[in-house]
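Here's the structure, in structure tokens; my notes come after.
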Amino acid sequence: GENVEQHPSTLSVQEGDSAVIKCTYSDSASNYFPWYKQELGKRPQLIIDIRSNVGEKKDQRIAVTLNKTAKHFSLHITETQPEDSAVYFCAASSGSARQLTFGSGTQLTVLP
Amino acid sequence: DTGVSQDPRHKITKRGQNVTFRCDPISEHNRLYWYRQTLGQGPEFLTYFQNEAQLEKSRLLSDRFSAERPKGSFSTLEIQRTEQGDSAMYLCASSLGGGGEQYFGPGTRLTVT
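Chains as they are written, first to last, in this note's numbering: chain W, 29 to 140; chain G, 25 to 137.
See below:
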């Protein structure tokens, strides 16, 4: 089955700096890669996603890049703000169920 | 609120008891997924429905777990003879078709004492 690895597990940045989180996946059949933000005690919230026919996607301060050959994808957050502090999960969709396989999460802390 | 809803939000039960959780998906979504999330980990897939049919189950879903979606709308997840290892957040997500964005509910936090 699919295996998704995510790093770093924790990331601290100064407000206004950029943050980058990286994930690798194992199943070459995976074709959909969402990113979720989860605040403490809250539901995972979809923030951006990318499909395998696209190399990059941007939405305001967040962007995701995908390298199918290397089987890795990354989340980029620019001009970070304290409200960006949360746990971020990458995921890959595979299998007949198109279920999501999640990475282990990155705790992002934006220091004011 | 037109998002995914789950009930109850919290459940404390004693080992050996049965528990049942409910998920109401976004109304037009035909796919419904159950995931389990333990502290510090990402959600793990348990099972999914397309309309009322349960089409796939994870190896994580032991025979103590059963899920239903009788009319293709809401779903229930039952755990029989709960064990302490069942303590986790149980998340429900729904999507429109396979490959669509999955939107999560707030989860049911289960504590087995």
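Glycine included, C-beta positions come from ideal geometry on N, C-alpha and C. Quantities reported herein were computed from a predicted structural model and do not represent experimental measurements.
Whole angstroms is fine: what's the gap from residue i's alpha carbon to residue j's?
{"i": "G:Y72", "j": "G:R93", "result": "10 angstroms"}
{"i": "G:H150", "j": "G:D110", "result": "Chain G is shown from 25 up to 137; residue 150 of chain G falls before or after that span and cannot be answered."}
{"i": "W:L139", "j": "W:V41", "result": "6 angstroms"}
{"i": "W:A119", "j": "W:P62", "result": "6 angstroms"}
{"i": "G:I103", "j": "G:A112", "result": "12 angstroms"}
{"i": "W:G133", "j": "G:G131", "result": "18 angstroms"}
{"i": "G:F69", "j": "G:Q78", "result": "13 angstroms"}
{"i": "G:F128", "j": "G:S86", "result": "23 angstroms"}
{"i": "G:L120", "j": "G:S90", "result": "23 angstroms"}
{"i": "G:T137", "j": "G:T62", "result": "16 angstroms"}
For residue i, count neighbouring C-beta atoms within 10 Å of its own C-beta (all shown protein chains included) and say buried if the count is 16 or more, exposed if not.
{"i": "W:V82", "result": "exposed"}
{"i": "W:Q73", "result": "exposed"}
{"i": "W:E33", "result": "exposed"}
{"i": "G:S51", "result": "exposed"}
{"i": "W:G131", "result": "buried"}
{"i": "G:L56", "result": "buried"}
{"i": "G:G66", "result": "buried"}
{"i": "W:P110", "result": "exposed"}
{"i": "W:D112", "result": "buried"}
With a cut-off of 9 angstroms, does the C-beta of residue i fall near any C-beta of chain A?
{"i": "G:A117", "result": "Of the protein chains in the structure, W and G, none is chain A."}
Can you name, in chain order, every residue of its own chain whose Cβ lies under 6 angstroms from the Cβ of residue i, other than the five neighbours on each side?
{"i": "G:G40", "result": "R105"}
Whose C-beta lies closer than 7 angstroms to the C-beta of residue i among residues of the same chain, with five residues either side of it excluded?
{"i": "W:S58", "result": "E30, A120, S121, S122"}
{"i": "W:I193", "result": "Nothing about residue 193 of chain W can be read from this structure; chain W reaches only from 29 to 140."}
Skipping 5 residues on each side, what residues in its chain have a beta carbon closer than 8 angstroms to that of residue i?
{"i": "G:K35", "result": "V43, F45, T132, R133, L134, T135"}
{"i": "W:S46", "result": "H104, I105, T106, E107, T108"}
{"i": "W:L128", "result": "P62, A119, A120, S121"}
{"i": "W:S37", "result": "S132, G133, T134, Q135"}
Length-filtered (4 minimum) alpha helix (DSSP H) runs lying within the segment 63 to 110 of chain W: Scanning the segment 63 to 110 of chain W for uninterrupted alpha helix (DSSP H) segments of 4 residues or longer gives nothing; none is fully contained.
Members of the segment 71 to 90 of chain G near chain W, C-beta cut-off 7 angstroms: Cβ contacts with chain W come from Y72, L79, E80.
Members of the segment 84 to 118 of chain W that neighbour chain G once the beta carbon cut-off is set at 8 angstroms: Per Cβ criterion, the list reads F117.
Proximal residues, the segment 53 to 65 of chain G versus chain W, C-beta separation under 9 angstroms: Of all residues in the segment 53 to 65 of chain G, the ones placed with a Cβ closer than 9 angstroms to any Cβ belonging to chain W are R55, Y57, Y59, Q61, G64, Q65, in chain order.
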